[in-house]
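Reading the sequence shown from the start, the letters are residues 1 to 444 in my numbering. Below: the structure, in structure tokens.
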Amino acid sequence: MGTTDGGGDIDDFDPEVITQTGCLEKGSVSSANIENNTGWFVFRAGTDGQIGFDIEALPVNPGGPITAEWDFALYGPFDETSNDNFCTIIGDGSAQPIRCNYEYNDTGFTGIGVNPVDGREGAPFVKSSQNTYDEWLNVTAGEIYYLYINNYNTNFDDEPEDFILTFTGSSVDADQNSALDCTLRDQFLGFDIVACEGDPDITLSALNSPAGSNITSVEWSVDYEDDGIIDATLPGTGSFGAELVVSSPNSGRYYVEIENNFGQVYPDHILITFYGTPELDEVRVIDDLVNSDQTDPYNIEIVPVGDGNYEYAINGGEFQDDPLFYDVPPGINTVVINDKNGCGITDPIEFLVVGYPKFFTPNSDGVHDNWNVYGVEELVNPVVYIFDRYGKLLKQIDVNIGWDGTFNGRDMPSSDYWFRLDYERDDEGVLVATSVRRHFSLVR
1 MGTTDGGGDI
11 DDFDPEVITQ
21 TGCLEKGSVS
31 SANIENNTGW
41 FVFRAGTDGQ
51 IGFDIEALPV
61 NPGGPITAEW
71 DFALYGPFDE
81 TSNDNFCTII
91 GDGSAQPIRC
101 NYEYNDTGFT
111 GIGVNPVDGR
121 EGAPFVKSSQ
131 NTYDEWLNVT
141 AGEIYYLYIN
151 NYNTNFDDEP
161 EDFILTFTGS
171 SVDADQNSAL
181 DCTLRDQFLG
191 FDIVACEGDP
201 DITLSALNSP
211 AGSNITSVEW
221 SVDYEDDGII
231 DATLPGTGSF
241 GAELVVSSPN
251 SGRYYVEIEN
261 NFGQVYPDHI
271 LITFYGTPEL
281 DEVRVIDDLV
291 NSDQTDPYNI
301 EIVPVGDGNY
311 EYAINGGEFQ
321 DDPLFYDVPP
331 GINTVVINDK
341 NGCGITDPIE
351 FLVVGYPKFF
361 TPNSDGVHDN
371 WNVYGVEELV
381 NPVVYIFDRY
391 GKLLKQIDVN
401 IGWDGTFNGR
411 DMPSSDYWFR
421 LDYERDDEGV
431 LVATSVRRHF
441 SLVR
């Protein structure tokens with residue numbers, strides 16, 4: 001049995017930002033929004049197979065007419081090990097529903113699978129099809145789904161209406177006890193929570209346990225490092241201390257034990273992780289003229305401060321989850337770190353890769369007019385010599401200026417040229433003479 005009672009925090013779908021999610025849209029009325037007079041459900045697949053559901057409209061008065069018109073959107077599948085904040089990625093519009101329906105017909109049923117009234121099979125949503133059912137959901141055990149149910153007809157008032165939500169499908173037909181992962185009923189503190197430092201306090205409630213309100217004692221404790229060692233016993237608030245307020249940035253695994261009048265004990269725990277704005281610890285240059293004998297390509301690793309669900313981009317490129325970047329250009333580069341949970345993003349941060357460009361174009365356009373070893377000032381006693389393709393020494397360049405593509409005041413032709421870089425490398429406290437010989441191109 002479910003009810004929508006006119007509630008719903010419109011900030012979950014900010015009506016000034018999120019005007020559409022799947023097939024559902026913000027109405028033309030100025031006060032309309034996607035989420036109002038709605039209900040949310042979460043379920044986890046217990047087995048591999050097929051899952052569907054029926055949403056059956058109920059009359060306000062027994063025997064009376066049905067006045068509700070139910071719409072739905074289904075989000076997922078989500079993976080608990082991903083460290084994503086599912087509510088955030090749904091609410092900010094980055095996760096779109098995989099099933100969605102707002103069609104109207106006169107059966108009083110909507111859902112996924114087969115309409116039990118007229119036998120009409122679900123299909124991919126098509127506007128004005130008057131098919132209120134979407135196609136079956138093929139699930140994998142452990143997947144998590146979020147179901148949003150909205151009563152369109154009473155979207156603008158506070159009149160509650162009831163419905164029945166029934167799960168269906170071959171998995172349910174095979175075994176009703178295993179089709180859904182019913183450990184959710186015992187995990188009354190809910191899923192693990194990912195939040196940002198500075199977010200509002202989080203209130204945990206023991207009142208959702210199987211003991212209900214029949215409580216004689218509640219004990220809260222916390223393992224801040226999540227290493228299996230309890231660090232403190234915490235005072236709860238409210239009747240019997242049944243609630244616990246967790247404030248940023250107190251990450252940890254929080255435990256509760258509830259005892260009822262019959263001496264039965266109900267335990268649960270939840271991991272709460274607060275992430276701060278990402279910070280850069282260092283850019284570890286793996287391969288360049290300073291850090292290895294490899295002179296091409298140049299490779300780096302981005303090292304953030306602390307753990308987080310981060311993604312990385314260099315030089316304005318696409319974000320990637322892997323902190324390793326290969327074939328990085330020599331010279332000054334930039335890196336940006338983004339927290340995928342929405343906890344912030346860094347400004348572009350510069351880092352240096354010591355190396356040389358493979359070509360230059362001395363045409364006085366202000367771009368690549370001089371050739372040099374980028375970051376040469378980071379080397380010890382560097383000297384750079386330029387040779388033509390036949391091995392003739394053309395110039396020992398000023399490492400602070402570079403080579404402008406001339407010899408004795410004359411422009412050299414487009415061709416391949418060689419250079420030799422001599423410098424001293426610090427090898428465990430001993431300066432070792434090092435020489436690099438490579439070629440590059442002059443292009444006119």
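Glycine residues also receive a C-beta, built at the ideal position from the N, C-alpha and C atoms. Note that the structure is predicted; figures quoted are calculated from it, not measured.
What separation, rounded to the nearest whole angstrom, lies between the Cα atoms of residue i and residue j?
i	j	result
E34	I89	Reading the sequence as shown, one finds Ile at residue 34 and not Glu. Approximately 16 Å between the Cα atoms of the pair.
D186	Y266	8 Å
P62	I164	14 Å
A179	V172	5 Å
E80	I229	23 Å
E350	N333	5 Å
F188	I98	27 Å
G429	K395	32 Å
P348	D416	35 Å
I314	Q320	10 Å
D134	G91	22 Å
T21	G39	16 Å
A95	P77	10 Å
N151	N37	6 Å
A73	H368	54 Å
R253	S209	18 Å
G409	V376	25 Å
N372	D226	51 Å
F43	Q50	14 Å
E25	Y104	15 Å
D201	V60	37 Å
I337	Y224	26 Å
D162	T4	7 Å
S82	Y255	22 Å
G27	G317	37 Å
L58	G263	39 Å
I66	V335	58 Å
P160	G64	15 Å
K127	P15	23 Å
E282	L379	19 Å
P249	E143	29 Å
G2	A174	25 Å
I345	F387	46 Å
T216	G241	10 Å
F325	I18	34 Å
Less than 8 Å separating the beta-carbons of residue i and residue j?
i	j	result
Y145	Y102	no
D54	P116	yes
G122	V114	yes
S251	T273	yes
Y312	C196	no
N214	N177	no
F411	G402	A small correction: the amino acid at residue 411 is Asp; Phe does not occupy that position in the sequence shown. No, these two residues do not count as a Cβ contact at 8 Å.
D236	V218	The sequence given here places Gly at residue 236; Asp does not occur at that position. Cβ atoms of G236 and V218: closer than 8 Å.
T277	C343	yes
V383	S414	no
C280	L244	Sequence inspection shows Leu at residue 280; the Cys mentioned does not correspond to that position. Not closer than 8 Å, so no.
C87	C23	no
R308	D339	The sequence shown places Gly at residue 308, not Arg. It is a contact, given that the beta carbons lie within the stated cut-off.
F360	N370	yes
Using only alpha-carbon positions, find the residue among the options that is nearest to residue i.
i	options	result
G355	G317, F440, N363 and I337	F440
G119	N131, I349 and V126	N131
N85	I193, A174 and G142	I193
D422	W403, F407, I286 and V399	V399
S292	D227, R425 and G142	R425
N138	S170, I149 and P160	S170
W70	P329, D181 and Y148	Y148
V222	N214, A211, D201 and V246	V246
A433	I112, I18, N381 and N363	N381
L184	F41, E257 and E161	F41
G46	V283, I18, T140 and E25	T140
I270	A206, P59, S129 and F360	A206
L352	D388, E301, G142 and E318	E301
L431	V290, V336 and N363	V290
I112	V335, P15 and T168	T168
V391	K358, E282, W418 and Y326	According to the sequence as given, residue 391 is Gly; it is not Val. The shortest C-alpha separation from G391 is found at W418.
D199	R437, N341, A68 and S129	N341
Since residue i and residue j should fall inside the 8 Å C-beta cutoff, what is the C-beta to C-beta distance between them, to a whole number of angstroms?
i	j	result
P330	Y298	6 Å
Y385	R420	5 Å
V305	R284	V305 to R284, Cβ: 13 Å. No contact.
I258	A211	5 Å
Ordered list of beta strand (DSSP E) runs contained in the stretch 194-240, each at least 3 residues: 202-205, 217-223 and 232-234
Runs of beta strand (DSSP E) lying entirely within the stretch 359-427, each at least 3 residues, in chain order: 380-387, 393-396 and 415-427
3-residue-minimum beta strand (DSSP E) runs that sit fully inside the stretch 130-191, ordered along the chain: 137-139, 144-151 and 161-168
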